[in-house]
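Under the numbering used here, the first residue of the sequence shown carries the number 908, and numbering increases by one thereafter. Note that beta-carbon positions come from the ideal geometry of N, C-alpha and C, so glycine has one too.
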Amino acid sequence: MIDAEELLRLSLEATRTGRHDVALDCLKRAREQAPERADIRHLLGAEYAQIGMHERAEPEFAEALRLEPERHSARFQFALVQMMRADVPSALQTLAPLLSLPPTDPMQRFGEGLDHLLRDRLEEAAASIESGLALPVLNESLNTDMRMLLDDIRAAKPPSTGEEESPASHVLLNSYTGKLQ
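As structure tokens, this is what we get:
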């Protein structure tokens, strides 16, 4: 029988090669064997988010954070999913603990950038994300996503008079409907 750790490793390889079906199967089986492991719940949430199943991603991220509140990458990804659903109050609440991390932590800077973005403060969002990218690499995939978001923020223009969509809403729509993972 394959144990939870082996299933976790197999899921990572499956994700790396784009085999989301295999990754989901491995992670679900690992969750059955070790439901108390935050890392498994986090990765299952991330896999669901990757394939656009946000309604299934959210409870996995929430459980990962219940089990391990200091799992900052799960917190960040959970907030992204909430942002995609346009649940700004929940996303701000989820991001809040990241804002109290030291400013030398890229997660603090990226969380602050998303917080500014949710509040339609595009210049401040860009500055925070840029400063996070200047710090030592936390996760290359995350840094790539943050560079794409930064490009979208820089390209955003304030809406013309009469438009209802805010600049941040436009950036989020562009960035989180398929480009960021």
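Item: Check each candidate in Val995, Pro1009, Pro1043 and name the one with the smallest Cα separation from leucine 1021.; Value: Val995
Item: Checking 8 Å against the spacing of the C-beta atoms, do serine 980 and asparagine 1046 come in under that value?; Value: yes
Item: Using CA atoms only, rank isn't needed, just tell me which of Glu939, Pro1010, Met991 is closest to glycine 959.; Value: Met991
Item: Measure from the alpha carbon of arginine 938 to the alpha carbon of each residue in Asp910, Gly925, Glu920, then state which is nearest.; Value: Asp910
Item: For serine 918, count neighbouring Cβ atoms within 10 angstroms of its own Cβ and tell me buried if that reaches 16, exposed if not.; Value: buried
Item: Could you check if arginine 936 is buried or exposed, using at least 16 other CB atoms within 10 Å of its CB as the buried criterion?; Value: buried
Item: Just to confirm my understanding: we take glutamine 1091, look at its own chain, exclude 5 residues before and 5 after, and list those with CB closer than 7 Å. What are they?; Value: Nothing about residue 1091 can be reported from this structure: the residues present for the chain run from 908 to 1088 only.
Item: Are the beta-carbon atoms of leucine 1057 and alanine 1033 separated by less than 8 Å?; Value: yes
Item: Return the chain-ordered ranges of every alpha helix (DSSP H) run that is complete within the stretch 1029-1056 and spans a minimum of 4 residues.; Value: 1029-1040
Item: If you compare alpha carbons, which of Cys933, Ser1035, Leu1025, Arg1028 is closest to threonine 1011?; Value: Ser1035
Item: Only counting the same chain, and skipping five residues up and downstream in sequence, which positions put a Cβ closer than 6 Å to that of alanine 956?; Value: Ala964, Val988
Item: Look at the alpha carbon of methionine 1053 and the alpha carbon of leucine 1025, and state the distance between them as a whole number of angstroms.; Value: 15 Å
Item: Roughly how many angstroms separate the alpha carbons of arginine 923 and aspartate 1027, rounded to a whole number?; Value: 34 Å
Item: Which stretch, first to last residue, makes up the alpha helix (DSSP H) that contains leucine 974?; Value: 961-974
Item: Which same chain residues, not among the five before or five after glutamate 1031, have their C-beta less than 6 Å away from its C-beta?; Value: His1023
Item: Measure the alpha-carbon distance for histidine 927 versus leucine 1005 and round it to whole angstroms.; Value: 29 Å
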